[in-house]
Amino acid sequence: MAKPSTKKKTQSPQERKAQHERERLRRLHELIESLGAMKVFRSLPKTDRDMIEGLRAPRPVIADDDRLPQECVRYYREVLDGALAGPPVPMGDSGRMITLRDYFSVGMSLIRSQMIFEKEGHPMAGEWTRALEPLITLHEEQGPDRPIYVLLINLRVSSWIFSDAEQGYFLPEMNVVAPRDKRTMPVFSIQIRFFEPEHRRFTLDARQRTCFRVHAHDENLRTMTPCVLSTGLLPGQEDQPERSLPVYVQKHALHRLEERMRPYPMHIADHMLSDSIAQARVLPLGLNSYLIEMRYMDIRIGYLVAEVVDDAVVLRTFLFITQSGTPEGDRFNEALRIGNYEKRWFELDCLSGFAHSDLCEDPRFQELLESCGLADLTKMVLEELPLVLKEDQRHLHGLEVRKILMEQSRFSVADEDA
């Protein structure tokens with residue numbers, strides 16, 4: 039007797055289309071039900087119900103552009119798919135939720151039907167509008183909860199991963215193609231705009247080196263603006279006529295930032311650079327050299343070493359906040375009575391040494407850090423940084439630091455494992 043075939047039956051294009059249509063109608067009816075509008079929907083004449091069910095909203099698309107690298111287009115399409123499949127957003131104060139995928143498909147179909155009823159003076163237009171009120175409120179929302187805004191911000195924040203000062207900046211922009219007739223839905227087309235990088239050669243350490251202009255996003259992440267630093271903020275130049283100097287970054291600084299901030303992901307490095315320049319807090323370092331506070335949100339993570347060269351500010355390197363040469367790092371050395379060798383050995387000159395240990399959870403070590411001006415470090419490790427090691431591994435690393443270094447410092451500790 040022949041065994042039944044276990045091979046999956048391949049659907050024909052017509053079958054796939056019919057299945058997709060059944061799924062679309064199911065989601066449409068589920069949304070109507072969740073809005074509490076099913077009773078009103080069923081009371082509509084069949085021709086109106088058929089019209090509503092027949093309205094199809096195309097999902098947002100990434101516009102093709104031959105000027106963009108294919109890997110860039112693929113990346114944005116993956117981000118778009120992820121955003122549409124992401125967690126639901128609230129519909130006003132109703133307590134009801136909707137996914138971006140449903141909003142841009144069946145949700146837009148219902149909104150379009152309400153517009154048609156209003157335009158044509160349908161006798162049930164008012165009742166249908168009231169039934170769809172939570173969805174309409176969400177559609178007309180101008181704040182950060184508006185679905186188009188949520189989707190676009192997701193795409194623009196994701197742009198930081200694919201953009202930098204060396205390669206250039208990619209920024210998505212939403213274009214809405216208006217409907218041609220009452221059955222045609224608006225099309226949300228996402229155009230990826232490319233901002234060319236700006237390079238310049240400087241003589242640094244007697245060698246010609248290429249540096250990259252630092253740019254900042256505007257408030258709504260819609261465009262890029264070159265960063266400048268006022269000479270009025272530079273110690274020693276306050277009495278000179280104030281000028282705005284263009285800001286460039288050396289690749290070495292970006293490498294050191296990534297290296298010294300591990301395991302924290304540095305795909306937002308350019309955003310952090312521009313924020314630190316926009317709210318510059320500058321300390322003198324030497325002739326035409328300065329330390330500029332580097333911040334992540336409101337957390338001070340270190341300093342950018344900057345020089346004024348050829349009427350421009352060049353960011354040469356990044357110093358983690360505990361490194362020697364920073365005010366906090368020098369106080370840290372003095373408190374522990376250590377030098378660069380010990381700090382490198384225990385990785386206390388970079389974020390990983392604190393992230394991979396439980397030192398920042400120790401109240402006595404927290405007190406030492408605070409006395410050195412390093413309270414922000416504790417905040418970042420405990421509140422911002424996901425832990426990447428098991429608790430026992432972190433404890434062992436912290437115990438090694440406490441036993442070997444703290445005994446020679448002003449920091450006294452009880453013998454935990456005596």
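Just so we're on the same page, this note's numbering is the position in the sequence shown counted from 1, plus 38.
For each residue, glycine too, the CB sits at the ideal point set by N, CA and C.
- Under DSSP, A344 takes part in a beta bridge, and its partners are Y328 and L353.
- A Cβ-Cβ contact shorter than 7 Å links F370 with C410.
- Its Cα nearest to that of E236, the residue C249 stands out among I230, Q229, A244 and C249.
- Taking each of N192, D202 and E204 in turn and checking the Cα distance to M212, the smallest one comes out for N192.
- A contact is defined here as three or more CB-CB pairs under 8 Å, and the region 103-114 fails this definition with respect to the region 149-160.
- In this structure the region 402-422 touches the region 363-380; the number of beta carbon pairs closer than 8 Å is three or more.
- Contact check for V225 and P96: beta-carbon distance about 5 Å, within the 8 Å limit, so the pair qualifies.
- At the C-beta level, F233 and G274 stay beyond 7 Å of one another.
- Take the alpha-carbon of I90 and the one of V215: they are about 20 Å apart.
- Inter-residue distance for R184 and L325 is about 51 Å (C-alpha atoms, whole angstroms).
- Using a Cβ distance threshold of 7 Å, V343 and L267 do not count as a contacting pair.
- Counting along the chain, Y114 sits inside the alpha helix (DSSP H) bounded by residues Q108 to L122.
- Around the beta-carbon of M262, 16 or more other beta-carbon atoms lie within 10 Å, marking it buried.
- For L242, the enclosing beta strand (DSSP E) has its first and last residue at H237 to L242.
- When DSSP states are grouped into helix, strand and coil, R319 belongs to the coil group.
- Counting along the chain, L193 sits inside the alpha helix (DSSP H) bounded by residues P185 to F200.
- With contacts defined by Cβ atoms closer than 7 Å, D387 and T355 do not form a contacting pair.
- Membership of Q152 in the alpha helix (DSSP H) is indicated by the continuous run M146 to E158.
- Per the coordinates, the alpha-carbon of M310 lies some 23 Å from the alpha-carbon of D349.
- Counting along the chain, H293 sits inside the alpha helix (DSSP H) bounded by residues K289 to R298.
- In this structure, Y141 is the residue among Y141, Q108 and L323 with its C-alpha nearest to the C-alpha of A121.
- The C-beta separation of V252 from A203 comes to about 6 Å, placing the pair in contact by the 8 Å criterion.
- If you look at H177, you'll find it in the alpha helix (DSSP H) that goes E171 to E178.
- In the DSSP assignment, R382 falls within the alpha helix (DSSP H) that extends over N378 to W383.
- Judged by pairs of C-beta atoms under 8 Å, the region 297-310 touches the region 326-341, as three or more such pairs exist.
- Take F200, set aside five residues on each side of it, and the residues of its chain with a beta-carbon closer than 7 Å to its own are C110, Y113 and F208, in chain order.
- For M262, the three-state secondary structure derived from DSSP is strand.
- Beyond the five residues adjoining it in sequence on each side, L323 comes within less than 6 Å, by CB distance, of L329 in the same chain, given in chain order.
- DSSP lists L209 as the beta-bridge partner residues of R231.
- Secondary structure remark: continuous alpha helix (DSSP H) runs of at least 4 residues inside the region 68-99, in chain order: 76-81 and 84-92.
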